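Residue numbers (this note's numbering): 12 to 738. Ideal placement from N, C-alpha and C gives every residue a C-beta, glycine not left out. Since the model is a prediction, treat every value here as computed from it, not as a measurement. Here is the structure we will look at.
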């Protein structure tokens, strides 16, 4: 019979080597030490030898030993003395000691060894098996003790790590909750909504119900947020009544009275009686079953402005110091949110107040301009009428021209106030087209011509710019030129010099320089010369100090630049304007500035003039009739509508503010009747909103008083050019 060879088992992985322990041999004789080492070699442990008691003690200072084999009879310090010293050290007081001796003279000798803590007393000659067995017992005991110690240490480390991990997780969860609370509190600046969201966040994660109270502007406590774990119970929290006086005994007022947080781990009937003097509130809270609560103040800038109350109604959730600490941190974040909300509300209120004040200012300026313009209208109209009278003595013409110039100057000052308002509100509107800058510059010079001549100024003009077509609002560009020329004339004494020059510094720009030899500008004023109401010494000459501020804003709106140069007081000044050249397709454009002169041939039209100011009504009616128009005048809406009913009309020239309504009412009535009367608004109100409303009602044009009669007639004649006169 064939027998198969045995199959070798798979090789086993070597188990990790067991750590060796130390065995200490103490004997003054080397031969005895060697024999003991040979006997114990099979134990495969660390054998440490010492030839004296002192050497043995030095080893014990450095290492631990499973067992000590100690000779009794040694020179100097014998084994008993060595053992006594070993036992005095805490580290070695329990180390097993086996005495080995060739002397066995008395029972007392052996007893002394045991009294010093020896575990055995072996006489020479030693039986090897017995010695190895006894030593091995202590080696195993040392190993097991070390293992138990390691296991205990590992278990302690494990518990410590578990505790640290739990603490870290709790802290992480706490920080995450605080971050979420911060996000909720920062989510809106409406603090009512903020605290309602906040109350819903803490319930039920921290409490079974939550109430947030804040002191209102009237000094009375009010509830701004609440939540309950049971939604049906949430409404009951809002039934809680609050006293009018913070000194009253009420659960919500306690932190206001003390300014300190409050922790109550157990709520009793006695505690409820202490908290609430009102039976209704006491019964309401009792019915919600509170078991413990935490109340913390909301403090801002050193005073209590509110309180957060967290309540538990479960025996499983008893509030303690950790809950109080978390509630205080939440209160700090809530206080910041409340403070921000109050600051935002204050800012909103301030903004609304500023808007109301600004609106009131605009209304005041609009009314002021209306009241100032209205009396100027009949004066200017009458002067224009007299200037056009061919029978007027020549000696009176200079006086009339002087009156007209001053009335126009007064109107210009009013316009400056309104322009400043438009600029500050960003409502300055430009109607740009391609214009001839030289034509507008000459027109501005013509306007200032009488003043230049009157002061005997020497005028030098050098319009050398070859490219002078600009993309601009012609009226505003002429206003820029007029402001600077008028400014130069105003601040230059009689007989001085005035220079107007243009040039092209490059292919893309045109430069206009207005220079004078007048009173100049102080160096410290130069950086502020374009600020509103900044005139320095120039204030003595008069004016509002708005012209240059408006001029700069108009230049900026045309994407241009303005600069000023002056060598100081009484050394003249020079203003330099730079504008981008406009795009022109066919050479130099035609002048955009329309002639102010009325057409040579007028068509007679039927005009309804509605004006409640008696002098303005009379002067305009008189002047228009002198120019060949058939004028029907009315001083209120009712009279105007009666005339419209019985007369066929071509043009309506109407004031906006009338005793029984507005010119808008008249135009809207005409629109409802599908009337084709051409409407021209005439008003002392010239703000953008006034112009927008008149155009929306159907007026084709909106003229601001005092009106240039030639411009009014030009608009009237546009009707004649479009259709034959009615009637």
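Distance from the CA atom of residue 730 to the CA atom of residue 658, rounded to whole angstroms, is 17 Å. Listed in chain order, the beta strand (DSSP E) runs fully inside the stretch 67 to 149 are 78 to 82, 108 to 112, 129 to 134, counting runs of at least 3 residues. Using a 10 angstroms sphere on the CB of residue 58, the tally of other CB atoms reaches 16 or more, which defines it as buried. In this structure, DSSP gives residue 210 a helical state, which the three-state scheme calls helix.
The DSSP assignment places 220 to 226, 232 to 239, 273 to 275 as complete runs of the beta strand (DSSP E) inside the stretch 189 to 276, in order along the chain (cut-off: 3 residues). Residue 74 and residue 106 have their alpha carbons spaced roughly 12 Å apart. CA-to-CA, the gap between residue 234 and residue 371 works out to about 37 Å. By the Cβ-count criterion, residue 190 is exposed, with fewer than 16 other Cβ atoms from all chains shown falling within 10 Å of its own Cβ. Contact annotation: the stretch 630 to 643 does not touch the stretch 669 to 678, with fewer than three C-beta pairs closer than 8 Å.
In this structure, 317 is the residue among 87, 317, 330, 718 with its C-alpha nearest to the C-alpha of residue 346. The distance from the Cβ of residue 207 to that of residue 236 is about 5 Å, consistent with a contact at the 8 Å cut-off.
Contact annotation, residue 391 with residue 446: C-beta distance approximately 27 Å; criterion of less than 8 Å not satisfied. For residue 516, the enclosing beta strand (DSSP E) covers residues 508 to 517. Under the rule that a run must span 3 or more residues, the beta strand (DSSP E) segments found entirely inside the stretch 665 to 730 read 689 to 694, 712 to 715. With at least 16 other beta carbons inside 10 angstroms of its own, residue 490 counts as buried. CA-to-CA, the gap between residue 68 and residue 168 works out to about 33 Å.
For residue 125 and residue 46, the gap between their C-alpha atoms comes out near 24 Å.
Taken through DSSP and simplified to helix, strand or coil, residue 504 comes out as coil.
Note that the C-beta distance between residue 664 and residue 693 is below 8 Å. The beta-carbon separation of residue 113 and residue 134, rounded to 7 Å, stays under the 8 Å limit for a contact. Around the beta-carbon of residue 413, fewer than 16 other beta-carbon atoms lie within 10 Å, marking it exposed. Taking a cut-off of 8 Å for Cβ pairs, the stretch 319 to 339 and the stretch 349 to 359 do not touch, as fewer than three such pairs fall below it. Each residue's CA atom was taken as its position, placing residue 286 and residue 296 some 10 Å apart. Burial state of residue 569 is buried, judged by a 10 Å Cβ sphere holding 16 or more other Cβ atoms. In this structure, the alpha-carbon of residue 399 lies about 42 Å from that of residue 582. Taking a C-beta distance under 8 Å as the contact criterion, residue 257 and residue 283 do not qualify as a contact pair.
Residue 281 and residue 272 have their C-alpha atoms some 20 Å from each other.
Within the model, the alpha-carbon separation for residue 315 versus residue 366 is close to 33 Å. With 16 or more other Cβ atoms inside 10 Å of its own Cβ, residue 389 counts as buried. By the neighbour-count criterion, in which a residue is buried when 16 or more other Cβ atoms sit within 10 angstroms of its Cβ, residue 465 is exposed.
Secondary structure at residue 174: helix, using DSSP grouped into helix, strand and coil.
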